[in-house]
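S.K.:
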Amino acid sequence: MNFIEELRWRGMLQDMIPGLEDQLAKEMTVAYIGFDPTAPSLHIGNLAAIMLLKHFQLCGHKPIALVGGATGMIGDPSGKAAEREFLSEDTLRANQIGIQKQLEKFLEFHSGANSAEVVNNYDWFKEFSFLGFLREAGKFLTVNYMMSKDSVKKRLETGISFTEFSYQLLQGYDFYHLYKNKNVRLQMGGSDQWGNITTGTEIIRRKEGHDEDSTERSAFALTTPLVTKADGTKFGKSESGNVWLDADNTSPYAFYQFWLNAADADVPRLIRVFTLYTKEQIEALEKEHAEAPHLRILQKAIAEEVTTRVHGADVCALVIEASTLLFSKDAVELIAGASDALLAQLPIHEVSGELLSECKNLTDLISVGTDNLIFPSKGEARKAIQNNAISINKVKVTDPNAALNFDRIRGKYVLVGNGKQKNYILSFK
RNA sequence: GGGGAUAUACCAGAGCGGCCAAAUGGGGCAGACUGUAAAUCUGCUGGUGAAUGCCUACGGUGGUUCGAAUCCAUCUGUCCCCA
């Protein structure tokens, strides 16, 4: 199956410049996607773009991931209502390193001609003088053209700085640079990037168009739809914020739980975008799911596949075991018999001696006693207990003043449940 | 440069001297029903406390008043109109 067909049936194709299919059929093509180093880790909002590169490589083409060391210093106005604060150069550099490492998990970097590559646009922008840039890039676009971009138009009312206005020139120049130096023919991205990407194709066309056959395009754009949820809320955020790919920011357990909790209505789209299951496999899974929806076969399939890719098969297996363990009625016995490797994946929170000594009752323990992990204030903790939301070792507790004399599993663990979905294991010295 | 409007909790937005920790909607959290789903219904949603209460909060500062989110002065931010 070719790349475009693959994207089509997966619902990952929003828009592309005509002629791209011919280009892809003609030869091994090089394409890139840019990632902003605004955080030290990528999050699942970036995952759709990564999958785009993944499919691209699987179809025999060469993917390049561009880390925006330079563009990150400017700030992309797309989808932003207001001007952004700058990140310090140190932060950006640290972020770039983190992101680069993560990308390496998804793409094949040693597969011969179509090996993936990571590039950083800071490498070619750092030497660029301001005048040089104006002559090299700025001359090829009119302000009229740049103003007509959606990302700019939306900001005309509230204001946009010259810096952010220039962003599209930088991104456009990236494309041109890679076109010249890496033989890149295609830039991909989320649908919000269409404007920025076509700026690049425009620069290439104007700078290169004359000496080639001008009717034949040589630079292409392709975008993927933004992943949305059926209830209209933003995809990719959990209650505690972004879901990161980095285990330090989002534990593998939390990561797995995120996917497992996906709504039925969203699952058919998610499984197509975020997993590599084939069309036949997905249809079979959907059929199974429809017959026994309570088993949540689709959710499990996605959660397992994605967690395996991000955190590895071993960790994923443990996390699945941890999940079934915590939600089981016999959690207490299961924890008592759990292996060390399994324990390491459970959401265990160490309760410090000092904090514990300040706790008079259960309310104190699940708020201040746990560094506000479970509840941010005593008031909320008390209300949750009164609302029948809290369980200790799988038994509901309704007295906010309950004493802290619970049975400790293995002599040190206490299992705290908040609601149906959230489980914590407190560890006492 | 001149004139006008506006600033309220996570967001939107009412309140315009005491009944205001502040209506209403959204969002969030929880309970019930379920499948760790969705929809629906119910409760909660500044802190502390068992509670009367106390503390902190309606852009900043200062004032008037027994009493201010509400009135006055001033500063700051934002928006609109004229030049």
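For what it's worth, the working numbering labels the leading residue of the first sequence as 1262, then goes sequentially.
Just so you know, even glycine gets a beta-carbon here, dropped at the ideal spot from N, CA and C.
Just how far apart, CA to CA, sit S1372 and E1469?
M.R.: Locating residue 1372 in the first sequence gives position 111, counting from the first residue. Locating residue 1469 in the first sequence gives position 208, counting from the first residue. Going by the C-alpha atoms only, they are around 31 Å apart.
S.K.: What are the boundary residues of the beta strand (DSSP E) that I1265 is part of?
M.R.: Translated into positions along the first sequence, residue 1265 becomes position 4. Not the beta strand (DSSP E): I1265 falls in the alpha helix (DSSP H), residues F1264 to R1271.
S.K.: Just verifying my parser: in three-state terms, what is the DSSP assignment at T1489?
M.R.: As a working mapping, residue 1489 is identified with position 228 in the first sequence. T1489 falls in the strand class under three-state DSSP.
S.K.: R1671: buried (16+ other C-beta within 10 angstroms of its C-beta) or exposed?
M.R.: Residue numbering aside, residue 1671 sits at position 410 when the first sequence is read from its first letter. So R1671 counts as exposed.
S.K.: How about Y1685 and L1603: do their beta carbons lie closer than 8 Å?
M.R.: Indexing the first sequence from 1 puts residue 1685 at position 424. Indexing the first sequence from 1 puts residue 1603 at position 342. Not closer than 8 Å, so no.
S.K.: Excluding sequence positions up to five away, which residues of its chain have a Cβ less than 7 Å from the Cβ of A1663?
M.R.: Translated into the one-based positions of the first sequence, residue 1663 becomes position 402. Excluding positions up to five away in sequence, the list reads N1622 and L1623.
S.K.: With a Cβ-Cβ cutoff of 8 Å, do N1382 and G1329 count as a contact?
M.R.: Residue mapping note: residue 1382 aligns to position 121 of the first sequence, counting from 1. Residue mapping note: residue 1329 aligns to position 68 of the first sequence, counting from 1. Yes.
S.K.: Between the alpha carbons of A1508 and G1393, how many angstroms are there, rounded?
M.R.: Position 247 of the first sequence, counted from the start, is the residue given in the question as residue 1508. Position 132 of the first sequence, counted from the start, is the residue given in the question as residue 1393. Computed Cα separation, rounded: 42 Å.
S.K.: Given a cut-off of 8 Å, decide if L1586 and A1599 are closer than it, judged by their beta-carbon atoms.
M.R.: Within the first sequence, residue 1599 is the residue found at index 338, counting from 1. Within the first sequence, residue 1586 is the residue found at index 325, counting from 1. At the C-beta level, A1599 and L1586 come within 8 Å of one another.
S.K.: Excluding the 5 residues flanking I1609 on each side, which residues of the same chain have their C-beta closer than 7 Å to its C-beta?
M.R.: Here residue 1609 is taken as the residue at index 348 of the first sequence, counted from 1. Counting only Cβ-Cβ distances below 7 Å, and skipping sequence neighbours, we find I1686 and S1688.
S.K.: Please work out which residues of its chain come closer than 6 Å, Cβ to Cβ, to N1654, disregarding the five sequence neighbours upstream and downstream, and give them in chain order.
M.R.: Looking up residue 1654 in the first sequence gives position 393. Excluding residues within five positions, the ones whose Cβ falls inside 6 Å are V1593 and L1676.
S.K.: Below 8 Å between beta carbons: does that hold for G1461 and Y1437?
M.R.: Your numbering for residue 1461 matches position 200 in the first sequence. Your numbering for residue 1437 matches position 176 in the first sequence. The answer is yes: Cβ separation under 8 Å.
S.K.: Check whether the region 1509 to 1520 touches the region 1564 to 1581, counting contact only when three or more Cβ pairs, one atom from each stretch, lie closer than 8 Å.
M.R.: In the pairwise beta carbon analysis, the region 1509 to 1520 is classified as touching the region 1564 to 1581: at least three pairs are separated by under 8 Å.
S.K.: Taking its Cβ as the centre, do 16 or more other Cβ atoms sit within 10 Å of E1463, making it buried, or is it exposed?
M.R.: Indexing the first sequence from 1 puts residue 1463 at position 202. Flag for E1463 reads buried.
S.K.: Measure the Cβ-Cβ separation of R1530 and G1272 and say whether it is below 8 Å.
M.R.: Counted from its first residue, the first sequence places residue 1530 at position 269. Counted from its first residue, the first sequence places residue 1272 at position 11. Their beta carbons are under 8 Å apart, which means R1530 touches G1272 by this criterion.
S.K.: Spatial neighbours of Q1357 within its chain, please: CB distance less than 7 Å, with the 5 preceding and 5 following residues excluded, ordered by chain position.
M.R.: As a first step, residue 1357 must be located in the first sequence, where it is residue number 96. Result list for Q1357: P1298, V1328, G1330 and N1381, in chain order.
S.K.: Is DSSP giving T1476 helix, strand or coil here?
M.R.: Walking along the first sequence from the start, residue 1476 turns up at place 215. Since pLDDT at T1476 reaches only 49, below the 50 mark, its modelled position is unreliable, and the value read off the structure follows with that caveat. Here T1476 sits in coil by DSSP.
S.K.: How do the region 1285 to 1305 and the region 1405 to 1416 stand: do at least 3 beta-carbon pairs fall below 8 Å, yes or no?
M.R.: no
S.K.: So E1353 and M1334 are in contact, right, with Cβ under 8 Å, and what is the actual spacing, rounded?
M.R.: In the first sequence, the residue the question calls residue 1353 occupies position 92. In the first sequence, the residue the question calls residue 1334 occupies position 73. First, the amino acid is wrong: residue 1353 is Leu here, not Glu. Sure, about 6 Å apart at Cβ, within 8 Å.
S.K.: What's the gap between the Cα of E1549 and the Cα of D1351?
M.R.: Indexing the first sequence from 1 puts residue 1549 at position 288. Indexing the first sequence from 1 puts residue 1351 at position 90. The alpha-carbon atoms of E1549 and D1351 are separated by roughly 50 Å.
S.K.: Quick one: Cα of T1569 to Cα of S1452, how far?
M.R.: The sequence position of residue 1569 within the first sequence is 308, counting from 1. The sequence position of residue 1452 within the first sequence is 191, counting from 1. So the two alpha carbons sit approximately 27 Å from each other.
S.K.: Please report the straight-line C-alpha distance between F1565 and E1544, rounded to a whole angstrom.
M.R.: For the purposes of this step, residue 1565 is identified with residue 304 of the first sequence, where counting begins at 1. For the purposes of this step, residue 1544 is identified with residue 283 of the first sequence, where counting begins at 1. At residue 1565 the sequence reads Glu, which differs from the Phe that was named. About 17 Å.
S.K.: Can you tell me the Cβ-Cβ gap for D1525 and P1486, rounded? I've got them flagged as a contact below 8 Å.
M.R.: Translated into the one-based positions of the first sequence, residue 1525 becomes position 264. Translated into the one-based positions of the first sequence, residue 1486 becomes position 225. D1525 to P1486, Cβ: 20 Å. No contact.
S.K.: Below 8 Å CB to CB, which residues in the same chain sit around T1424 once its five sequence neighbours on both sides are set aside?
M.R.: The residue labelled residue 1424 in the question sits at position 163 within the first sequence. Around T1424: I1335 and G1336.
S.K.: In chain order, what residues of the same chain lie with their CB nearer than 8 Å to the CB of V1572, ignoring the 5 residues before and after it?
M.R.: By 1-based counting over the first sequence, the position of residue 1572 is 311. For clarity, residue 1572 is His in the given sequence; the question names Val instead. Within the same chain, H1572 has close Cβ partners A1508, P1513, F1516 and V1580.
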